[in-house]
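Quick note, the sequences are listed as chains A and B, same order. Residues -6 to 520 (the working numbering) make up the first sequence, in order. Residues 59 to 346 (the working numbering) make up the second sequence, in order. We treat Cβ as the ideally placed atom computed from N, Cα and C, and that holds for glycine. Reviewing the structure listed below.
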Amino acid sequence: MTPTAPARRRTAPVAALLAAAMALAACGGSDKSVLDKDTPSTTAAPSSAPSSSSPSASSTPTSGSTTESSAAPTSSQASSTSAPTALDSLPDCPIDALAAASSPVQITVWHSLNADLLSGTLAKLTDQYNASQSKVKVKYVNQGSYEDSIKKFFDTDPKQRPDVVQFPEYTVQNTVDNKAAVPVQKCMQAAKFDDSKFLATAKEAYTTGGVQWAMPFNVSTPVLFYNKKFFAQAGLDPEKPPSTLEELRDYSQKIVDAKVATYGIALESGFDSGGGWFLEQWFAKLGIPFVDNGNGRAGRATTASINNPEIAKALGALQSMINDKLASYVGDNSGTGFDNLLAMADAAQPAAMAIATSASIGSVLDIVKGGQFPSFQLDDVGVAAMPGPGKPGSIVGGAAMWMSNSGDPARVAASWDYINYLVQAQQQSEWGAVTGYVPVRTDANEIEPMKGKLADPRYSVAPKSLAELPAGPTSAGPIVGPLREIRLVVAEGMAKIMTGADVNATLADLESRANSLISDYNTRNPG
Amino acid sequence: MPARQEPTSETTTLERTSGWRKFGRYTLLVVIAFIVLAPVYAVVMQAFKPGYAALNHPRSLLPVDLTTETVRAAWTKGDMATLLKNSLVMSVLVTVGVLVTSLLSAYAFAFLQFPAKRATFALFLATMLVPAEVTILINKQTVDSWGWKNSMTGLTVPLMATALGTFLVRQVFLQVPTELREAAALDGLGHGRFLFEVAAPLSRPTLGALGLLTFLTTWNQYLWPQSIIDDTEHRTLQIGLARLSNADINRLNLVTAGTVIAAFPIVILLIVFQRQLVRGLTAGAVKG
């Protein structure tokens, strides 16, 4: 469309228009650079983040009021080698403010539990909480995927953020550096919260600088789903699923040779599954730090060590399985999250195995029970520990409940009260039994309904796997500012490897890209 | 076999084309129509299948196993009634707002004399060069600070004035003969009555097209509602659809069913107002 003004009037406006356009384009340019940043743009980079530069050997985060910290349980922090942060300088947790509040305190919770079974169960627990007391009224809002929620949270003015938000372990350092949260450890101290029964690895995952920042709520770990019927038909023992990559190949070969399934295993490369999270599991199983400075736990990480010969060997094994048609590659899984599981139920070209989060156990069993997949019945579903290199065991995924640093004492106190409710043994038992998530505390496994569920070996795999790795920084997973961005980059590389790219060259490229992400992050957030 | 080229083939009209040529042309049209319609067909087929059948390719593309169960599930799970209502209210409010602001500003630019009028108009037009994505952050902060987050006000008001609307209507107003304006003035018509009783009725086709376009773009807005709404009560269709995507691993076609529901009102609207849309879009095309 062109301006249709008479010709005599045309030249002047056009000149003015051009001038104005250039001026605006200049402004627009700078606006855009703000938008382009992946990191939150509404909050300034923190100036006094965890910064005790001399890592002390002390394992208790004491530096101020010793009366409080001596009351706080510190038993599970034995493996923490981080420099303790001055807990006093962090936002307080005024748990008394709730009792002082005259009217019910309304708080908002953002969650990313999308599958019906998961969101329904959280809704049930939250409704129970709302009904159980009159001081706090919780409103829960589903914000889509963790990615959607993370972006939205940091794009929101700090004063308007939700009071509680459910973020995964890969957001820890970034959320802390943005001063977006009140550390739950403050509340745990103030409330003399007993966390002696908590999974050490789950607590560690949300701990940086010696401070536990968030309360793990939905703890998961990758597990192997397999079709027992196919195993039996191929002459394999359905009760002895593969645990190493060599066995995985061997089993797949037998399954393909026996023509009971088209593929041994369906692989994928979603950033929060096969493309990123599972790879970090391998680092933990092999005892190799993913980033330097004790996996980012002894001090701020400065480089990543992705290009590792043992990792390259393991990835080469997967690649050769795809090349030899023993494994299928279903692509980036992060859209639906379950393309590889669906490949197991594919009528035409089924796969006998797939690796997915334990959080999907409940949903998978629920669906298979419905009898929609003739090739896959309820008793055919086997669940085992994720096969891979290194020691048996795995590290956590899932997410934790974070308390927003709203500055409103009553709402912070109310948030803690709600979180405290969610991680009680009874609630965790219900949560784990329905969903397949691992209860964050072992005593939840000793009461119903989880106790009964654990009789089904499919539910006991994940809790067992999480307890197996020896304590130490590599078993807690990496802590590094741009872990989310690194995973996205790693997932691209994994997709390339799965489709035939050279493993060593790809890993070298990933390492250099991860390193520049880290140095860029550290420049913006000087620790 | 194609008919011999006549020397006047450049000016050939449809009536004079030979049978073969017509055949070729229609074959091409059918092929293009197929390319355009095949995805639409696939979406509709998927939407009306039970979850498990949607994965069973290529049978999933055949009109078998049809059921409305998935669409009904999408309706309840996605809370589509609320979404539809919000989208509808938002689109209607924005459309009315855009029409009113466009009429008023276009009137000023077309009929009134004021200092620096042309420069102001040029500046006005220049805003069309700034993509919405650039201004969204600032708009969001402004709306936040006014406490309009999670409200219909926040959803609609910032979208109610557009340079495009002003420009389109002004162009039509410029065609109104000065004599008409003078005659109206002699008859005692003030600015308001002249605008609404003479100028606006004359520009009805443009207003219709502008209204329809605004309605469609508002209906399809994603970025703005996504950044200003974070509760469930004020979500619009396009935001709600994204939520459906992983609600149920058992039914991957839930989103497809949601899409069909979301597209339905728009399709109806297009069928009813097709003439206005085409007329409006081509209105300025032939004149110099």
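{"Check": "Simplified DSSP state of residue 388/A, which is helix, strand or coil", "Outcome": "coil"}
{"Check": "The segment 430 to 447 of chain A contacting the segment 167 to 182 of chain A, beta-carbon criterion three pairs below 8 Å", "Outcome": "no"}
{"Check": "Neighbourhood of residue 85/A by C-beta, 7 Å cutoff - its chain only, sequence neighbours within 5 removed", "Outcome": "179"}
{"Check": "Inter-residue spacing [alpha-carbon to alpha-carbon] between residue 271/A and residue 215/A", "Outcome": "7 Å"}
{"Check": "Cα-Cα separation, residue 510/A to residue 178/B", "Outcome": "45 Å"}
{"Check": "Residue span of the beta strand (DSSP E) that contains residue 375/A, given as start and end", "Outcome": "374 to 378"}
{"Check": "Neighbour flag for residue 24/A against chain B, beta carbons, 8 Å", "Outcome": "Because the pLDDT at residue 24/A is just 37, under 50, the model does not fix this residue reliably, and the value given afterwards should be weighed accordingly. It does; some Cβ of chain B falls within 8 Å."}
{"Check": "Closest residue to residue 189/A among 171/A, 504/A, 437/A, 141/A (Cα-Cα distance)", "Outcome": "437/A"}
{"Check": "Proximity of residue 319/A and residue 249/A at Cβ, strictly below 8 Å", "Outcome": "yes"}
{"Check": "Of the residues 254/B, 173/B, 233/B, 144/B, the one placed nearest residue 276/B, counting alpha carbons only", "Outcome": "144/B"}
{"Check": "Residue interval of the beta strand (DSSP E) (run including residue 209/A)", "Outcome": "208 to 213"}
{"Check": "Members of the segment 162 to 182 of chain A near chain B, C-beta cut-off 7 Å", "Outcome": "none"}
{"Check": "Coil, strand or helix - residue 456/A by DSSP", "Outcome": "helix"}
{"Check": "Residue 18/A versus residue 302/A - alpha carbon distance", "Outcome": "Note that residue 18/A scores a pLDDT of 41, beneath 50, so its modelled location is shaky and nothing firm can be said."}
{"Check": "Minimum Cβ-Cβ distance from residue 391/A to chain B less than 8 Å", "Outcome": "no"}
{"Check": "Cβ neighbours of residue 286/A in the same chain (closer than 8 Å, five flanking residues each side left out)", "Outcome": "292, 293, 294, 295"}
{"Check": "Neighbour flag for residue 46/A against chain B, beta carbons, 8 Å", "Outcome": "Summary for residue 46/A: the model assigns pLDDT 39, below 50, so the residue's position carries little reliability, and this model does not support an answer."}
{"Check": "Residue 218/B beta carbon less than 8 Å from that of residue 152/B", "Outcome": "yes"}
{"Check": "Cα-Cα separation, residue 54/A to residue 203/A", "Outcome": "The predicted model places residue 54/A with a pLDDT of 40, which falls under 50 and marks its position as unreliable, so this point remains unresolved."}
{"Check": "Meets three-Cβ-pair contact criterion under 8 Å: the segment 248 to 267 of chain A and the segment 309 to 319 of chain A", "Outcome": "yes"}
{"Check": "Outcome for residue 353/A when other beta-carbon atoms lying within 10 angstroms are tallied against a minimum of 16", "Outcome": "buried"}
{"Check": "CA nearest to the CA of residue 461/A, picked from 471/A, 337/A, 378/A, 415/A", "Outcome": "378/A"}
{"Check": "Integer-rounded CB distance, given that residue 282/A should sit under 8 Å from residue 499/A", "Outcome": "Actually they do not touch by this definition, with Cβ atoms about 20 Å apart."}
{"Check": "Beta-carbon separation (whole angstroms), residue 459/A vs residue 416/A, contact threshold 8 Å", "Outcome": "Actually they do not touch by this definition, with Cβ atoms about 16 Å apart."}
{"Check": "Sequence-distant residues of its chain with Cβ nearer than 6 Å to residue 289/A (five each side left out)", "Outcome": "471, 472, 473"}
{"Check": "Cβ contact check for the segment 388 to 408 of chain A and the segment 227 to 240 of chain A: 3 or more pairs under 8 Å", "Outcome": "no"}
{"Check": "Three-way DSSP call (helix, strand, coil) for residue 219/A in this model", "Outcome": "strand"}
{"Check": "Secondary structure of residue 163/A, DSSP reduced to three states", "Outcome": "helix"}
{"Check": "Three-state secondary structure (DSSP) of residue 258/A", "Outcome": "strand"}
{"Check": "Residue 125/B, DSSP secondary structure in three states", "Outcome": "coil"}
{"Check": "Burial state of residue 131/A, where buried means 16 or more other Cβ atoms lie within 10 Å", "Outcome": "buried"}
{"Check": "Residue range of the unbroken alpha helix (DSSP H) whose run includes residue 346/A", "Outcome": "No alpha helix (DSSP H) contains residue 346/A, which is instead part of the beta strand (DSSP E) from 344 to 350."}
{"Check": "Neighbour flag for residue 365/A against chain B, beta carbons, 8 Å", "Outcome": "yes"}
{"Check": "Neighbouring residues, chain A, relative to residue 301/B (Cβ below 8 Å)", "Outcome": "107, 135, 137"}
{"Check": "Residue closest to residue 145/A, alpha-carbon to alpha-carbon, out of 209/B, 198/B, 253/B", "Outcome": "198/B"}
{"Check": "Any chain B beta carbon closer than 8 Å to residue 373/A", "Outcome": "no"}
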